[in-house]
Amino acid sequence: MKILITHFVSLKKISQFLVGIFGMSEIEDDTINNLLSKTLDEVKEFIFDFDDLEYSVSLVENTPSEVKKIEECQKVVKLKENLLSKLLGCYANIATIFQTINQKQSSNQMSKAQKDQDILQKQLQESEKNRQSQEAIIKDLENKLSILQVWKVNTLESYKSTLEDEKKELESQLSLTQFEMRQYISEIQMAAEYISEISKGKFPEIEAIKENAQAEKTALKKALKIKKQRIEKSEQLLEKLGKELKEKEKMLLDIATQRDQLKLHLTVANNSIIEGKNQVEEMKQTTVDINDRDKSLLSQLPTENLSVKTRRNFIWYDRMLLRAGSVGLWKTVAWSDESRFFRPHEMDPNLGAGGDNGLVLVLCRLYMTDHF
Numbered sequence: 040m041k042i043l044i045t046h047f048v049s050l051k052k053i054s055q056f057l058v059g060i061f062g063m064s065e066i067e068d069d070t071i072n073n074l075l076s077k078t079l080d081e082v083k084e085f086i087f088d089f090d091d092l093e094y095s096v097s098l099v100e101n102t103p104s105e106v107k108k109i110e111e112c113q114k115v116v117k118l119k120e121n122l123l124s125k126l127l128g129c130y131a132n133i134a135t136i137f138q139t140i141n142q143k144q145s146s147n148q149m150s151k152a153q154k155d156q157d158i159l160q161k162q163l164q165e166s167e168k169n170r171q172s173q174e175a176i177i178k179d180l181e182n183k184l185s186i187l188q189v190w191k192v193n194t195l196e197s198y199k200s201t202l203e204d205e206k207k208e209l210e211s212q213l214s215l216t217q218f219e220m221r222q223y224i225s226e227i228q229m230a231a232e233y234i235s236e237i238s239k240g241k242f243p244e245i246e247a248i249k250e251n252a253q254a255e256k257t258a259l260k261k262a263l264k265i266k267k268q269r270i271e272k273s274e275q276l277l278e279k280l281g282k283e284l285k286e287k288e289k290m291l292l293d294i295a296t297q298r299d300q301l302k303l304h305l306t307v308a309n310n311s312i313i314e315g316k317n318q319v320e321e322m323k324q325t326t327v328d329i330n331d332r333d334k335s336l337l338s339q340l341p342t343e344n345l346s347v348k349t350r351r352n353f354i355w356y357d358r359m360l361l362r363a364g365s366v367g368l369w370k371t372v373a374w375s376d377e378s379r380f381f382r383p384h385e386m387d388p389n390l391g392a393g394g395d396n397g398l399v400l401v402l403c404r405l406y407m408t409d410h411f
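In terms of this note's numbering, the sequence shown has 124 at position 85, counting the first letter as 1, and numbering is strictly consecutive.
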């Protein structure tokens, strides 16, 4: 009874532990659910089976007739064998549940690792495509920038040569105009002196000379005005060319800024690619660790099987002990009515009250010799 109660308590703790693990692992499997529910139902039924067993034992102890005692004893043996078979079935179900949970967890982890690896591989390919496209854009912009720089140099040289030629021409025209003006002024002064000398008399030639001088003066003013307009137009053209040159320089600066930004994006893309490669390596290492863990679990499986076999040996020993106890009971019934059932430590003084260790060892060795 004590051994059965010990097995029952251990089995109940294991069942509660399995319920907690199964709830935390979030594994949905009909086989595990059925085995776990079956084990829990049998654990609940153990209480009633223990009550029936205790009741049968009390009947054996309180029955005065030896024939009825033997019958009740046989019933007790059958009840204990039934309990032991249920315990064996529960332990087998628990071992199956552990194996199924380990297999499910390993397969889920492997599938998740494979999915993460595929996602990272796709991201790496997309990053590589983006990097190649950005490199092509940068090369195109660099070509355009080199073309614009060459055009800028050529345009500046042509503008400079044109402006120098215009400047020289305008300076020569201005010097010529100034020389003509000085000549006209000297002639006008000479004519004024001549007029002042002959102002005492009235000559029609003087009026003609004055009119000619006035006409020449007006023509000279018009020529000066035209020269000034040409100079202003040249200055406006020069200012316009300067503005265009500034706009071209600004455009070149914008292109250079855009090129720097694209280089920065390319650097970020390269860093993302390196990070993706590192994550792929980490996923490969995780896959290797999962495989090592699976190997470790597979290596631990024989130990679990040996533990289950050991429990089976103990249960087999309990059966043998029950049978031996029933035989001893048949013998002790004839000795005295005050004898107690299932007390092997009173029959053998060398065995302690804690329970039949020597006999357990002998029976286990015999069982191992026969079965292994």
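Beta carbons: idealized from backbone N, C-alpha and C, even for Gly.
Remember, it's a predicted structure, so these values are computed and weren't measured experimentally.
Identify which residue in 120, 184, 165 and 113 has its Cα closest to the Cα of residue 296.
The shortest Cα separation from residue 296 among 120, 184, 165 and 113 belongs to 184.
Should residue 317 go down as buried or exposed, given a rule of 16 or more other Cβ atoms within 10 Å for buried?
Exposed.
Apply the 10 Å Cβ neighbour rule to residue 137 and answer buried if 16 or more other Cβ atoms are within range, or exposed otherwise.
Buried.
If the criterion is Cβ atoms closer than 9 Å, does the pair residue 256 and residue 223 meet it?
Yes. Within cutoff.
Roughly how many angstroms separate the alpha carbons of residue 359 and residue 353, rounded to a whole number?
Approximately 10 Å between the Cα atoms of the pair.
Could you check the C-alpha separation between residue 18 and residue 132 for me, to the nearest Å?
Shown here, the chain extends from 40 to 411; a query on residue 18 therefore has no answer.
Would you tell me roughly how many angstroms separate the C-alpha atoms of residue 139 and residue 349, rounded to the nearest one?
Near 21 Å, if we compare the C-alpha coordinates of residue 349 and residue 139.
Could you give the distance in angstroms between the alpha-carbon of residue 304 and the alpha-carbon of residue 213?
So the two alpha carbons sit approximately 58 Å from each other.
Does the contact criterion of 3 or more C-beta pairs under 8 Å hold for the segment 188 to 207 versus the segment 272 to 284?
Segments in contact, yes.
Does the segment 304 to 314 come into contact with the segment 162 to 179, if we say contact requires no fewer than three beta-carbon pairs (one atom in each stretch) closer than 8 Å?
Because the criterion of three Cβ pairs below 8 Å is met, the segment 304 to 314 and the segment 162 to 179 touch.
Using 8 Å as the threshold, is the segment 264 to 271 in touch with the segment 202 to 220, meaning 3 or more CB pairs across them?
Contact between the segment 264 to 271 and the segment 202 to 220 is present, because at least three Cβ pairs lie under 8 Å.
Sorted by chain position, which residues of the same chain lie with C-beta nearer than 6 Å to residue 319's C-beta, five sequence neighbours on each side aside?
Correct list, in chain order: 159.
In angstroms with no decimal places, state the Cα-to-Cα distance between residue 123 and residue 152.
Taking the straight line from one Cα to the other gives about 43 Å.
In chain order, what residues of the same chain have a beta carbon less than 8 Å from the beta carbon of residue 156, not counting five sequence neighbours either side?
Excluding residues within five positions, the ones whose Cβ falls inside 8 Å are 319, 322, 323 and 326.
If you count every other CB in all the chains shown that lies within 10 Å of the CB of residue 345, and 16 or more means buried, which is it?
Residue 345 is exposed by the Cβ-count criterion.
Judging by CA-CA distance, which residue of 287, 230, 142 and 121 is the nearest neighbour of residue 191?
Of 287, 230, 142 and 121, the residue nearest in Cα terms is 287.
Quick test of your reading: residue 176 and residue 291, contact by CB under 8 Å. State the CB separation rounded to the nearest angstrom.
That belief does not hold up - the Cβ atoms of residue 176 and residue 291 are roughly 17 Å apart, past 8 Å.
Within 10 Å of its beta-carbon, does residue 373 have 16 or more other beta-carbons around it, so buried, or fewer, so exposed?
Annotation note: pLDDT 43 at residue 373 (below 50); position unreliable, no value reported.
Assuming the contact rule is C-beta atoms closer than 8 Å, residue 258 and residue 227 should be a hit. Round their C-beta distance to whole Å, please.
With 8 Å as the limit, residue 258 and residue 227 do not qualify as a contact, their Cβ atoms being about 13 Å apart.
Roughly how many angstroms separate the alpha carbons of residue 217 and residue 289, rounded to a whole number?
Rounded to the nearest angstrom, the two C-alpha atoms are 41 Å apart.
Taking only the alpha-carbon atoms, compute the straight-line gap between residue 225 and residue 250 and give it to the nearest angstrom.
Whole-angstrom Cα-Cα distance: 17 Å.
Does residue 381 come out as helix, strand or coil in the three-state DSSP assignment?
Because residue 381 carries a pLDDT of 39, less than 50, the predicted location of this residue cannot be relied on, and the following value inherits that uncertainty. Reduced to three states, the DSSP call for residue 381 is coil.
Please classify residue 315: is it buried, with 16 or more other beta-carbons within 10 angstroms of its beta-carbon, or exposed?
Buried is the call here.
If I measure Cβ to Cβ from residue 181 and keep anything under 8 Å in the same chain, skipping five residues before and after, which residues do I get?
Closer than 8 Å at Cβ, skipping near neighbours: 298.
Nearest to residue 146 by alpha carbon, out of 339, 355, 329 and 338?
When only C-alpha atoms are compared, the closest one is 329.
Assuming residue 170 and residue 312 make a contact with CB atoms under 8 Å, what is their CB distance in whole Å?
Residue 170 to residue 312, Cβ: 7 Å. Contact.
Alpha carbon to alpha carbon, what distance is there between residue 231 and residue 277?
Roughly 42 Å separates the two Cα atoms.
Between which residues of its own chain and residue 263 is the CB-CB distance below 8 Å, once the five residues before and five after are set aside?
Once the five neighbours on either side are set aside, the close Cβ partners of residue 263 are 216 and 220.
With a CB to CB cut of under 6 Å and the five nearest residues on each side skipped, what residues in its chain are close to residue 205?
Excluding residues within five positions, the ones whose Cβ falls inside 6 Å are 273.
So residue 187 and residue 294 are in contact, right, with Cβ under 8 Å, and what is the actual spacing, rounded?
Yes, they are in contact, since the Cβ atoms of residue 187 and residue 294 sit about 7 Å apart, within 8 Å.
Taking the straight line between their C-alpha atoms, what separation do you get for residue 335 and residue 341?
Whole-angstrom Cα-Cα distance: 11 Å.
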